[in-house]
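For reference, the structure is listed below as structure tokens.
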Amino acid sequence: MDFDVETIVIGGGAMGSATAWQLARRGRSVLLLERFLPGHLNGASHGASRNFNTAYSDPTYVAMLAEALPLWRELEGESQVRVLDQVGMVNHGPNPAFDDVVSSLARVGLGGSFLHPAEAGERWPGIRFDGRVLHTPDAGRLNADASVAALQVAAAGHGAQIRHDTRATRLQVHDDDHVVVTTDAATIRARRAVVTVGAWTSSLLAGVVPTPRLVVTQEQPAHFSLRDASPGASTRAASDWPGFNHSYDPSEARYDYWYSPVYGMFTPGQGVKAGWHGTGPVTDPDARTFTPEPLQLAALQRYVRDWLPGADPDAVAPISCTYTTTPDEDFVLDRVGPVIIGAGFSGHGFKFTPAVGRVLADLATDVAPGPGRFALSRTPNAAPGGWLARR
Ligand SMILES: Cc1cc2nc3c(=O)[nH]c(=O)nc-3n(C[C@H](O)[C@H](O)[C@H](O)COP(=O)(O)OP(=O)(O)OC[C@H]3O[C@@H](n4cnc5c(N)ncnc54)[C@H](O)[C@@H]3O)c2cc1C
């Protein structure tokens, strides 16, 4: 069965779904292919919570945040589904970049201010604070599952075709305006193909488009039950608990069991989520264990015991999810001929999803190249600069 479509989007996670939405709402014909069924747990966009963390100092990311916030609200308006709760976030621990964050956010009208740890501890007794606290009130919590579903519903509402359980097995570039995608059941010709397949990027694009080194890891945050089991505690927590980022200084002995900075938030119905960032074992996305590495899990439980008095370290439910990380932790948003690539979100992409969709849709409709920062040809920054919790 052969047919034509203007744009094929391969990969129905957050980024592919957002691109399909952005293209369809511009009246473009678009087909979205997703290899698994809705709600699958095999990629990076499942689960009920992600931080909409605004604590970035980098102007490129701050501009994308400022673009993404109203787009999330537009999506909610179109889909009639609430996905973003602006419960605020707290950032603490040794980190030299906090002052730059406040000034960068102020430039785009987003808030950031400092609290004394005692004051913050009174306000949020479930968290023990490590030095001064950067509070970002516009930040919040995104429901990942609801967001992906809402993006696909909204895209379909504008005429996009969505096909689940359909795997693209091959991509062939014929010329700058002609690409052929083969699936298990069809051969599809298109003017443009957007490839947003997360952990499977290197394998699907091998021999088609050069990609930077992408490292796929199996990450393992976990949910911890609230200690407060009184009636209504979980409902209160859903609005009271801020998201959190805890930076550390590896040279200090008190952090000697830490694997990385810690991020987290409260997930309604599941408890307090906490996790190490980008420390999971390198994995083949088609041969995952879905089981946590025990030493990291034990260290995470110790972290909860030491720093999250509002959570029970022994009532733990691990989560499994993939990161696809570039050498500099910056995204890849670029185009080569008829192929558009959205990859390497390095564990911090979800908050930007609708803005990433806009950039990829622009690339697919010849509107504008992406930010040079995300170009395939860029020279990776020597080291991911100023690791401020990019969560
Ligand atoms: C544990 C964890 C916590 C995170 N926390 C945060 C956070 O707090 N804040 C934040 O901003 N970000 C966070 N992130 C990062 C964020 O979730 C990701 O950046 C984002 O989900 C990446 O989306 P994606 O669409 O690129 O990938 P995916 O969701 O993996 O989508 C790729 C899709 O492509 C499909 N696919 C693959 N191959 C094919 C094929 N051949 N044919 C058809 N379909 C195919 C896959 O099935 C998959 O659905 C977190 C990530 C993890 C893992």
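Each residue of the sequence shown is one higher than the last, beginning at 578 in our numbering.
Just so you know, even glycine gets a beta-carbon here, dropped at the ideal spot from N, CA and C.
Predicted model only: the values in this text are computed from it and were never measured.
Is any heavy atom of ligand 1 found at a distance shorter than 7 Å from the C-beta of residue i?
i: P798; result: yes
i: N630; result: yes
i: I896; result: yes
i: Y900; result: yes
i: E611; result: yes
i: L781; result: yes
i: M641; result: no
i: V774; result: yes
i: M592; result: yes
i: S622; result: yes
i: A745; result: yes
i: N619; result: yes
i: H823; result: no
i: R627; result: yes
i: Y638; result: no
i: H669; result: no
i: W777; result: yes
i: G924; result: yes
i: F927; result: yes
i: Y840; result: yes
i: I917; result: no
i: G589; result: yes
i: G848; result: no
i: G852; result: yes
Which whole-angstrom value describes the C-beta separation of residue i and residue j, a residue pair presumed to lie in contact below a C-beta threshold of 8 Å?
i: V933; j: G926; result: 7 Å
i: G670; j: Y825; result: 5 Å
i: A601; j: H735; result: 4 Å
i: G588; j: V774; result: 4 Å
i: V685; j: A632; result: About 13 Å separates the two Cβ atoms, so there is no contact after all.
i: V974; j: R768; result: Residue 974 falls outside the range modelled here, since the chain spans only 578 to 968, and no answer is possible.
i: A737; j: L609; result: 6 Å
i: G914; j: D753; result: 5 Å
i: F691; j: G698; result: With a Cβ gap of about 14 Å, F691 and G698 do not count as contacting.
With a threshold of 7 Å on Cβ separation, who are the neighbours of residue i within its own chain once the five nearest residues in sequence on each side are excluded?
i: R605; result: E583, T584, T942
i: A815; result: F843, P845
i: H854; result: S837, P838, Y840, G924, R968
i: N720; result: A625, S626, V660
i: F951; result: D907, F908, V909, L910, D911
Give me, in chain order, the residues of the same chain whose beta-carbon lies closer than 6 Å to that of residue i; leave out the 5 immediate sequence neighbours on both sides.
i: A645; result: F929, P931, A932
i: R967; result: Confidence in R967 is poor, its pLDDT being 44 and thus under 50, which makes the residue's placement too unreliable to answer from.
i: F675; result: L711
i: N619; result: F613
i: S724; result: V660
i: L687; result: T631, D715
i: T713; result: T631, A632, M666, G689
i: G949; result: none
What's the C-alpha gap between residue i and residue j?
i: Q795; j: T868; result: 9 Å
i: G593; j: A830; result: 43 Å
i: N958; j: T596; result: Low local confidence applies: a pLDDT of 49 at N958 is under 50, so the model's placement there is unreliable, and no value is given.
i: T902; j: A920; result: 9 Å
i: L782; j: V793; result: 15 Å
i: P787; j: S802; result: 44 Å
i: A621; j: Q599; result: 20 Å
i: K850; j: N628; result: 10 Å
i: A763; j: S634; result: 46 Å
i: A732; j: P862; result: 27 Å
i: G654; j: A726; result: 14 Å
i: V586; j: A892; result: 40 Å
i: L877; j: D581; result: 50 Å
i: E611; j: A875; result: 35 Å
i: V944; j: C898; result: 33 Å
i: W884; j: P890; result: 10 Å
i: D905; j: G624; result: 26 Å
i: R912; j: P789; result: 14 Å
i: T759; j: E696; result: 59 Å
i: N668; j: W777; result: 32 Å
i: L642; j: F922; result: 14 Å
i: P808; j: Q657; result: 29 Å
i: S811; j: I896; result: 20 Å
i: R700; j: R709; result: 14 Å
i: D722; j: V664; result: 18 Å
i: G784; j: V772; result: 14 Å
i: I918; j: P694; result: 43 Å
i: A864; j: H755; result: 33 Å
i: W818; j: V679; result: 21 Å
i: Y900; j: T637; result: 21 Å
Under 7 Å from any heavy atom of ligand 2, does the C-beta of residue i make it?
i: G855; result: You won't find ligand 2 in this model; what it holds is ligand 1.
Got a sec? Which residues, its chain only, sit under 8 Å from residue i by beta carbon, not counting five neighbours each side?
i: D761; result: T743, R744, T746
i: T856; result: T794, E796, Y836, S837, Q873
i: P886; result: P702, G703, I704, R705, R804
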